[in-house]
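Asker:
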Amino acid sequence: WLRRCRVSSGMTQVSARQLSESASGSDAQNCRVEIQCLGDGIQNVVLSRPSKMNALDMPMFEAIAAAAAQLRDDPSVRAVILSGDGRAFCTGLDVKSVANPLKSGLQNMERLLKRPSGYGRDGGASLGNLAQDVGYLWRDLPVPVIASLHGMCFGGGMQIALGADVRFATPDCKLSIMEAKWGLIPDMSASVTLRELVRIDVAKELTMTGRVITGEEAAELGLVTRCVEDPKEESIRLAREVVARSPDSVAAAKRLYQETWVAPEEHCLREETIVQRQLLASYNQLAASGRNFGVKIPYAGRKDDIMDGKGSGSINNSETRPF
23 WLRRCRVSSG
33 MTQVSARQLS
43 ESASGSDAQN
53 CRVEIQCLGD
63 GIQNVVLSRP
73 SKMNALDMPM
83 FEAIAAAAAQ
93 LRDDPSVRAV
103 ILSGDGRAFC
113 TGLDVKSVAN
123 PLKSGLQNME
133 RLLKRPSGYG
143 RDGGASLGNL
153 AQDVGYLWRD
163 LPVPVIASLH
173 GMCFGGGMQI
183 ALGADVRFAT
193 PDCKLSIMEA
203 KWGLIPDMSA
213 SVTLRELVRI
223 DVAKELTMTG
233 RVITGEEAAE
243 LGLVTRCVED
253 PKEESIRLAR
263 EVVARSPDSV
273 AAAKRLYQET
283 WVAPEEHCLR
293 EETIVQRQLL
303 ASYNQLAASG
313 RNFGVKIPYA
323 GRKDDIMDGK
333 GSGSINNSET
343 RPF
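Okay, here's the thing in structure tokens:
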């Protein structure tokens with residue numbers, strides 16, 4: 023269900039390795055997600071079920087969560103792009119496959135909703151269940167995650183995209199929080215990710231109606247970062263721009279805003295100091311500063327403690343606490 027490959031000079035050279043225990047023995051035709059290495063630490067996670075417009079079946083859920091967990095734990099990763107193969111990014115849940123009572127529908131629902139999912143850090147418990155993890159786990163990566171949206175982005179696909187840090191969409195891309203069509207609510211982490219992007223009245227209107235909007239309207243509402251004619255090209259451009267910055271400051275910025283965006287002001291100001299202490303006078307901070315004076319020193323690997331807030335910092339650790 024999940025495989026990795028390297029993209030070189032426009033050609034794809036596959037070096038496949040099954041990453042999910044339940045994927046053992048799967049052949050390439052059953053691959054649901056492909057991780058393409060684009061160089062410079064940039065990884066492209068491709069939803070790869072084009073015949074079904076990348077609709078989410080159980081193997082797809084498992085493969086997306088496995089991809090997020092593996093990239094989260096890979097220190098060589100500097101940026102991640104999420105994209106969809108074929109005519110759409112993702113059209114949401116494959117209802118016939120997942121919820122069919124004659125085909126393990128009840129067991130599938132239990133797997134999707136039960137905690138823990140098994141994709142937490144170091145095999146531990148994650149905050150979400152499997153349904154939530156395919157969107158929420160991208161927030162746990164210490165690198166920018168950029169969603170490249172085209173065609174259709176519906177329901178579960180929309181919630182996966184909301185888990186990214188940045189979203190680029192074509193102007194004619196169709197987007198919808200579509201769960202209302204099935205008499206349901208969006209339960210794949212939208213209650214966390216949506217509140218950071220739009221007003222509550224906008225969230226309620228889109229959720230209660232399931233209305234389909236264009237990429238242009240999504241940009242006006244704040245659901246996507248901006249509309250571009252080629253989201254994939256723009257995603258790669260942004261990823262390369264970020265890779266030129268310190269991996270520590272990039273991870274720290276992501277942590278800071280996720281930790282403080284809807285928090286009380288006192289907590290926000292305290293968190294700024296905690297994070298800054300981790301960066302001051304560190305190797306990568308000095309390397310970044312040197313580049314302003316024409317001294318280009320390679321960055322070291324990202325500090326392990328940036329996203330969890332457990333580091334001692336450069337000055338003292340009197341204000342540090344778990345993230």
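Position in the sequence shown (from 1) plus 22 gives the number in my numbering.
For glycine and all other residues, C-beta sits at the position ideal for the given N, C-alpha and C.
As the structure is a prediction and not an experimental result, all values here were calculated from the model.
#1: Keeping to the same chain, check which residues put their C-beta closer than 8 Å to that of W283; ignore five residues upstream and five downstream.
#2: Can you give the Cα-Cα distance for S304 and S268, rounded to whole angstroms?
#3: Just to confirm, is the Cβ distance from A261 to I168 under 8 Å?
#4: Quick one: measure Cβ to Cβ for E84 and W160, integer angstroms, because I've assumed they're closer than 8 Å.
#5: Let me make sure I understand the geometry here. Which of R54, M80, A153 has the alpha-carbon closest to that of G127?
#6: In chain order, which alpha helix (DSSP H) runs of at least 4 residues are fully inside the segment 182–258?
#7: Using a Cβ-Cβ cutoff of less than 7 Å, which residues in the same chain neighbour A87 once the five nearest sequence positions on both sides are dropped?
#8: Could you tell me which residues DSSP puts in a beta bridge with C112?
#9: Rounding to the nearest angstrom, what Cα-Cα distance links H289 and N314 in this structure?
#10: I'd like the list of long-range same chain contacts for S211, defined as Cβ closer than 7 Å, with 5 residues on each side in sequence excluded.
#11: Do the segment 195–204 and the segment 219–236 make contact, defined as three or more Cβ pairs closer than 8 Å?
#12: Just the C-alpha distance for S259 and T247, rounded to the nearest angstrom, thanks.
#13: How about V68 and P166: are their beta carbons less than 8 Å apart?
#14: Excluding five sequence neighbours on each side, which residues of the same chain lie with their C-beta closer than 7 Å to the C-beta of V297?
#15: What is the DSSP secondary structure of V117, reduced to helix, strand or coil?
#16: Compute the Euclidean distance between the alpha carbons of L163 and A90, then round it to the nearest angstrom.
#17: Cα separation between G323 and E293?
#18: Using alpha carbons as the reference points, say which of V55, A101, C195, I222 lies closest to G61.
#19: Where does S70 land, buried or exposed, given buried means 16+ other C-beta within 10 angstroms?
#20: Can you tell which of E239, A241, E238, P208 has its C-alpha closest to the C-alpha of K226?
#21: Counting C-beta neighbours from all protein chains within 10 Å, is the total for I319 16 or more, i.e. buried, or is it exposed?
#22: State yes or no: is the C-beta of S170 within less than 8 Å of the C-beta of K254?
#23: DSSP on N66, reduced to helix/strand/coil?
#24: Is DSSP giving R100 helix, strand or coil here?
#25: Name the two residues that bound the continuous beta strand (DSSP E) containing L60.
Answerer: The answer reads as follows:
#1: E218
#2: 11 Å
#3: yes
#4: That pair is no contact at about 16 Å.
#5: M80
#6: 212–215, 222–231, 237–243
#7: S139, Y141, L152, D155, V156, L159
#8: C175
#9: 32 Å
#10: G150, Q154, G157, Y158, Q181, G185
#11: yes
#12: Checking the displayed sequence, the identity of residue 259 turns out to be Arg instead of Ser. Going by the C-alpha atoms only, they are around 14 Å apart.
#13: no
#14: A274, R277, L278
#15: helix
#16: 8 Å
#17: 23 Å
#18: A101
#19: buried
#20: P208
#21: exposed
#22: yes
#23: strand
#24: coil
#25: 55–61
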